[in-house]
Amino acid sequence: MKLTYKPVVGNLQEIAQAYIDSFAPRDGDQDNPDKVPDFVETMVYNPTEAVCMTGRYASKEEAKQKGNVINSVDWWFKPWFYQHAQTALKRGEFVEYIPTREYYHRHTRCLYWEGKLILPFGDQWWFRYLLGWLMPPKVSLLKATQGEAIRNYYHDMHVIQDLLVPLYKVGDALEWVHREM
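Heads up: the sequence shown is residues 596 to 776, going by the working numbering.
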């Protein structure tokens, strides 16, 4: 998978527009399948910072060409994917290749952003290096070992929600989530 990371700094409407723009090539040639991404994902880190990622399937031969960076994101000692993507805010736009199966499971090790809530030190380098191979923990184990206070916290204060929003309403949806949640 050839993945391009693009940092976005601006208000929520500008972040939404960058997300929308990720679906079509800048030159307007959306009828050319080589220019339209196979995957689009945007992570919003706060109301003014996000990273848009566009992915295209790539062959092993393309990935192994001189100068291309291959990132095996599922190694236990590597930073969690959302943290790796966040580096684009400092690094600027960059491209790397991720093996396809690892791309599909890029959020598995850290349970997307849940890993940080469940195991606050789980993203630290020393934990990843020594015990990162234990991640992700089995959800049944987590439920069996959580106390009543944690169970009540998740029930009362924790929201996991997917939203299906038309593209032209993404900016409004981001503002609503920021305001209401």
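From the three backbone atoms N, C-alpha and C, an ideal C-beta is built for every residue, glycine too.
- 657 is the residue among 657, 613, 682 and 614 whose C-alpha sits nearest the C-alpha of residue 596.
- Per the coordinates, the alpha-carbon of residue 702 lies some 10 Å from the alpha-carbon of residue 709.
- Using a Cβ distance threshold of 8 Å, residue 628 and residue 684 do not count as a contacting pair.
- Put simply, the region 722-736 touches the region 671-682. At least three CB pairs are less than 8 Å apart.
- If you compare the alpha carbons of 600, 636 and 775 with that of residue 686, the shortest gap goes to 600.
- Residues 615 of the same chain have their beta carbon placed closer than 6 Å to that of residue 762, with the five preceding and five following residues left out of the count.
- About 13 Å separates the beta carbons of residue 677 and residue 647, which is beyond the 8 Å limit, so they are not a contact pair.
- Residue 776 counts as exposed, since fewer than 16 other C-beta atoms from the protein chains shown sit within 10 angstroms of its C-beta.
- Here residue 700 is near residue 669, since their CB atoms are less than 8 Å apart.
- Secondary structure note for residue 688: it is in no alpha helix (DSSP H), with a DSSP letter that is neither H nor E.
- In this structure, residue 680 places its C-beta atom within 8 Å of the C-beta atom of residue 638.
- Residue 604 and residue 734 have their C-alpha atoms spaced approximately 35 Å apart.
- Setting aside the 5 residues that flank it on each side, residue 664 is surrounded in the same chain by 691 and 692, each with a C-beta closer than 7 Å to its C-beta; the list follows chain order.
- Rounded to whole angstroms, the gap between the alpha carbons of residue 738 and residue 748 is 13 Å.
- Within 10 angstroms of the beta-carbon of residue 758 lie fewer than 16 other beta-carbons, which makes it exposed.
- With 16 or more other Cβ atoms inside 10 Å of its own Cβ, residue 645 counts as buried.
- The region 598-641 is shown to contain whole beta strand (DSSP E) runs of 3 or more residues at 634-641, in chain order.
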